[in-house]
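Once you know that position 418 of the sequence shown is 417 in numbering that gives the first Met the number 0, the rest is easy, because the numbers rise by one and skip nothing.
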Amino acid sequence: MSSYYTNKPFTKETATVGEVSAQRKNLILGLPIHSIEEKTFFGVKGDRPHTNYDTDSALLTDGIYSPDADYKNKEWFHINRGEGRIITFKLPCLCAACGFEISFCRNDEVAVRTPTYLKIRASADGENFETLYDNGDARSHIDRRIFKITGEFEKTAALYVQIIFDVVHHVYIDEIEIFGCTDLSGAKMPVADGKEIFNTLPAPAEINRYPDEDVLGAKNIALTYNFRPVAEDKGLQTETDYLPLTAYMDGDGNIKDTFMDGFLFLPDVSMDYTPRGQYADGWKEYMESVFVKGKNLDALNSAAKRTGDALGMPDYKVKVYFTLLYTYTQHAEFGEVNGEKLVFDNPESRKKALKWLIDYMLEEHRRGGYSHTEVGGFYWFEEALNPTDRYEKEIIRDTCRYIHSLGYKCFWIPYFCALGYEDWQSYGFDAACMQPNYMFDLSVPKSRLYDTAAQAKRMGMCVELEIWKVQEDEKGNISPEGTEHIKRFIQYLEAGKETGYMNAPKMYYHGSAIGGIIAKGQSSKNPAYRQMYDKAYLFAKKKL
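Structure follows, in structure tokens:
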């Protein structure tokens, strides 16, 4: 276990006995947090210390409750990422603990989720801990709610009390209460029971090799954000935007070679946090945006044709992949699909919505006659799997089976060590590609690239390339932050050459704005930016 928390030490000690009272009360009301320990995924440390509240917070024991399940309320204590936490409180004297109540928030719409298990342990001396409560399934199956977990256990002498749970993306806790009294009569002394502190994840089937380069039908897949309803341009891409990606071009705009051979169409992530992502009308708006005449897929088709014609390859085609949107359970009334009202508290309705999306995208591509693109498959939009959704695995597996029956592939791009990455194959995906998330936080060390490469190879995954926030003025000047991002992107490429993920399928996140950062490097007046474009091409062709 590792920690970025400000913790107090544990020492074996003989606890004092306080004033004796049999009155039941909250033993930790107003007490500070003694320590918070983090369990990481297979020893790989997380990257979000700034989003985790530290031990100096009084929110867990201040006796003030959130009035509703809005995680933004100041009463909620925030925990983010990692596999699990141990929160320890030290009582002022030896007490008799006998029960607890803990309030969690759940809101799947923003990945605020309840733990899948909860344990309570106690020690009278700071060294020997006994498990008093172990709920193997603490999940809330109802979204957008305050979920209270309560329990009673045998009256036990306690100086230290620990609360242990897994972390499913974001965990928000309102209040922790440990009930008991200072009358120790009838209380047992805790003994070290040797039980596992955390529930052990199923041992993944280690593969220890990167996936075959052609497992998805394309070797280099660019993420193209075709739907940005909050932006002035709406995310509508043009042939000019795509051409520096379908083709490798010199600084004068001459086509020299092919470049990216796959394009993933997806909406801006903000769609997840608005009604557009949660109701049938919003889904339809996104789906239709892919097929706008002269834009997006049509524009990509033209760019691929122009690339092939310039290189004497008139039949040249690129693969396209479409996004599977998330079926939010809190929005029971999804809307009408094919004459049927779908209700998302029913897993069969959720499956039907995804099948509707798949069939629509395939039929529109067929009807459009896009002669220089062919469908390669579909992408599961969420970046972490959700074990608090009791039906999600069944829905993903059913959807993958349907996609496979039509002759296409399905893949997933989890963030760094996202929940479920070690078990991705059991969901039915053909491939999974891990995000290093090295680009988005400049405090993350370069070692993250090598940690990602090692974990990806171990689990048979590929690695996503990432670049962000590079803007150039008319004179070719780029901000210090943009310059650092170019430098970091090249480090992604170099690490891929060193570790071997250059030889696996590759996916490229290069911003959600029109054109994308890699493409804009082609015409850059800045030598470092243009060189980055050249190196990305060499990397794609395994010539770096």
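Each residue gets a CB set at the ideal place from its N, CA and C atoms; glycine is no exception.
Separation of the CB atoms of Pro504 and Pro210 is rounded to 6 Å, and the pair is thereby assigned contact status at 8 Å. Sequence-distant Cβ neighbours of Glu205 in its own chain, meaning closer than 6 Å and more than five residues away, are Arg457.
In the DSSP assignment, Met531 falls within the unbroken alpha helix (DSSP H) covering Pro526 to Ala539. The distance from the Cβ of Glu153 to that of Lys187 is about 6 Å, consistent with a contact at the 8 Å cut-off. Here Val317 really is in contact with His371; their C-beta atoms are around 7 Å apart, less than 8 Å.
In this structure the segment 222 to 229 lies against the segment 497 to 511, because at least three pairs of beta carbons, one per stretch, are closer than 8 Å. In this structure, Met248 is the residue among Leu235, Ile78 and Met248 with its C-alpha nearest to the C-alpha of Arg529. Burial check for Asn207: the Cβ neighbour count within 10 Å stays below 16, so the residue is exposed. Straight-line spacing of the CA atoms in Asp61 and Gly29 works out to 5 Å. Taking Val167 as reference, the option from Met312, Tyr420, Gln161 and Pro66 with the minimal CA-CA separation is Tyr420. If you compare the alpha carbons of Gln470, Phe103, Lys89 and Glu381 with that of Thr10, the shortest gap goes to Lys89.
Unbroken alpha helix (DSSP H) stretches of 4 residues or longer found wholly inside the segment 161 to 208: none. At a Cβ-Cβ threshold of 8 Å, Gln277 and Tyr327 count as neighbours.
Listed in chain order, the alpha helix (DSSP H) elements of length 4 or more contained wholly in the segment 265 to 291 are 279 to 288. The beta-bridge partner set that DSSP reports for Asn25 consists of Phe178. The segment 383 to 399 and the segment 108 to 122 touch, with three or more beta-carbon pairs separated by less than 8 Å. Per the Cβ contact rule, the segment 391 to 405 is not in contact with the segment 249 to 256 (fewer than 3 Cβ pairs under 8 Å).
Per DSSP, the unbroken alpha helix (DSSP H) holding Pro346 starts and ends at Pro346 to Gly367.
Cys180 counts as buried, since at least 16 other C-beta atoms from the protein chains shown sit within 10 angstroms of its C-beta. DSSP places Thr306 in the uninterrupted alpha helix (DSSP H) bounded by Asn295 to Ala309. The segment 6 to 23 and the segment 115 to 126 touch, with three or more beta-carbon pairs separated by less than 8 Å. Nearest to Ser442 by alpha-carbon distance, out of His484, Gly499, Lys534 and Ser425, is His484. In terms of Cβ geometry, Ser102 and Asp173 form a close pair [threshold 8 Å]. Cα atoms of Leu117 and Lys71: separation of roughly 23 Å, rounded to the nearest angstrom. By the criterion of a C-beta distance shorter than 7 Å, Leu448 is surrounded in its chain by Pro435, Tyr437, Gln490, Tyr491 and Ala494, once the five residues flanking it on both sides are discounted. Val462 sits in a strand when the DSSP states are folded into three classes. Taking all protein chains shown into account, Tyr171 has 16 or more neighbouring C-beta atoms within 10 Å of its C-beta and is therefore buried. Taken through DSSP and simplified to helix, strand or coil, Met248 comes out as strand. Under the DSSP definition of a beta bridge, Ile101 partners with Ile148 and Ile175. Look at Asp133 here: in three-state DSSP terms it is strand. Residue environment: Asp260 is assigned as buried (16 or more neighbouring CB atoms within 10 Å of its CB, all protein chains considered). Runs of the beta strand (DSSP E) lying entirely within the segment 417 to 485, each at least 3 residues long, are 430 to 433 and 461 to 465 in chain order. If you look at Arg120, you'll find it in the beta strand (DSSP E) that goes Leu117 to Ser122. Beta-bridge analysis with DSSP links Arg396 to no other residue.
The C-beta of Tyr64 has fewer than 16 other C-beta atoms within 10 Å across all chains shown, which makes the residue exposed.
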